[in-house]
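A short worksheet on the structure shown next.
Protein chains: 2
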Amino acid sequence: MIGRLNHVAIVVPDLAAATAVYRDTLGATVSPEEDQPEHGVRTVFIELPNTKVELLGVLGDNSPIAAFLERNPSGGIHHICYEVPDIMEARDQLTKEGARVLGDGEPKIGAHGKPVLFLHPKDFCGTLVELEEA
Amino acid sequence: MIGRLNHVAIVVPDLAAATAVYRDTLGATVSPEEDQPEHGVRTVFIELPNTKVELLGVLGDNSPIAAFLERNPSGGIHHICYEVPDIMEARDQLTKEGARVLGDGEPKIGAHGKPVLFLHPKDFCGTLVELEEA
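Going down the list, the sequences are from chains V and Z.
With positions in the first sequence counted from 1, the corresponding number in this note's numbering is that position plus 1.
With positions in the second sequence counted from 1, the corresponding number in this note's numbering is that position plus 1.
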């Protein structure tokens, strides 16, 4: 079912400082900052030859990553995103096998303009898994 | 400096159960279990089209991941590994810029038989970063 690792998302307390670490210290190619108001985050993508790292900063007062930052004030790896060919087929197969989809179970449009779902960490080795339709 | 994302490592409380989740529920290709006694872990690699996920289980009494599992009993993402062309050059450049290398600062031979270093999470957005010579 799962295909490419689309990205690893890292929540950071200071997006500009984190971007500088990746750009200047680690010498990576970084995208411009982009506000994602419908997701309550500001993003920077680290472009690696085979995949991406998504740096996530808080945007607004109701950011879904605020609680994570309270628990992890220095930041940390927040989720891992795998591509699937068909998000509805993936959802139906996973729920049939007893895995829990977060929210109302309907795909949302993610940061890349494609349908995404999040799976319950307890069902996937303690890690928050995002599925994105490739 | 950094190149490909070599792998994302996930520490799990039950390696066989985690392997089954990736193989059976997520439909991924998984490697056989392999003991890494010199690292105190047992590994399974999830082979994705563009990179790998490394599942890490405890091996022996002094496993370096035991404390992580105590803090995260369901498991969780432990580190992220980037490839570098020259590990000594990478180390020297990073330490010159003030980044901290864990341990004695000398590369060790990692799970893939290549020289690796670990960088201090506080210097890298709260994430444990492994560098592996490509």
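No residue lacks a Cβ here, since even glycine has one placed at the ideal position from N, Cα and C.
Contacting positions in the region 43-73 of chain V - beta carbon closer than 8 Å to chain Z:
Within the region 43-73 of chain V, the residues whose Cβ lies closer than 8 Å to some Cβ of chain Z are Leu49, Pro50, Asn51, Thr52, Val54, Leu56, Asn73, listed in chain order.
Comparing the C-beta of Ser32 (chain V) with each C-beta of chain Z, is any distance below 9 Å?
The Cβ of Ser32 (chain V) sits no closer than 9 Å to any Cβ of chain Z.
Ala112 (chain Z) - DSSP class collapsed to helix/strand/coil:
Note: Ala112 (chain Z) maps to coil in three-state DSSP.
Reducing DSSP to helix, strand and coil, say where Ala21 (chain Z) ends up.
Three-state DSSP puts Ala21 (chain Z) in a helix.
Measure the beta-carbon distance from His121 (chain V) to Ala100 (chain V) and round it to whole angstroms, keeping in mind my assumption that it falls under 8 Å.
About 7 Å separates the two Cβ atoms, so the contact holds.
Thinking just about the alpha-carbon of each residue, which of V:Pro86, V:Glu84, V:Thr128, V:Gly114 is nearest to the one in Leu103 (chain V)?
Nearest option by C-alpha distance: V:Thr128.
Between Lys113 (chain Z) and Arg72 (chain Z), what straight-line distance do the alpha-carbon atoms span, to the nearest angstrom?
For clarity, residue 113 (chain Z) is His in the given sequence; the question names Lys instead. Approximately 27 Å, taken between the alpha carbons.
Could you please tell me which residues of the region 84-113 of chain V, in chain order, have their CB closer than 8 Å to any CB of chain Z?
Residues passing the 8 Å Cβ filter: Leu95, Glu98, Ala100.
Within its chain, find whatever has a CB closer than 6 Å to the CB of Gly61 (chain V); leave out the 5 residues flanking it on each side and keep chain order.
Gly41.
Own chain residues within Cβ distance below 8 Å of Tyr83 (chain V), not counting five before or after:
Result list for Tyr83 (chain V): Ile3, Gly4, Arg5, Leu6, Asn7, Val130, Glu131, Leu132, Glu133, in chain order.
In the structure shown, what three-state DSSP assignment does Ile66 (chain V) receive?
Coil, per DSSP.
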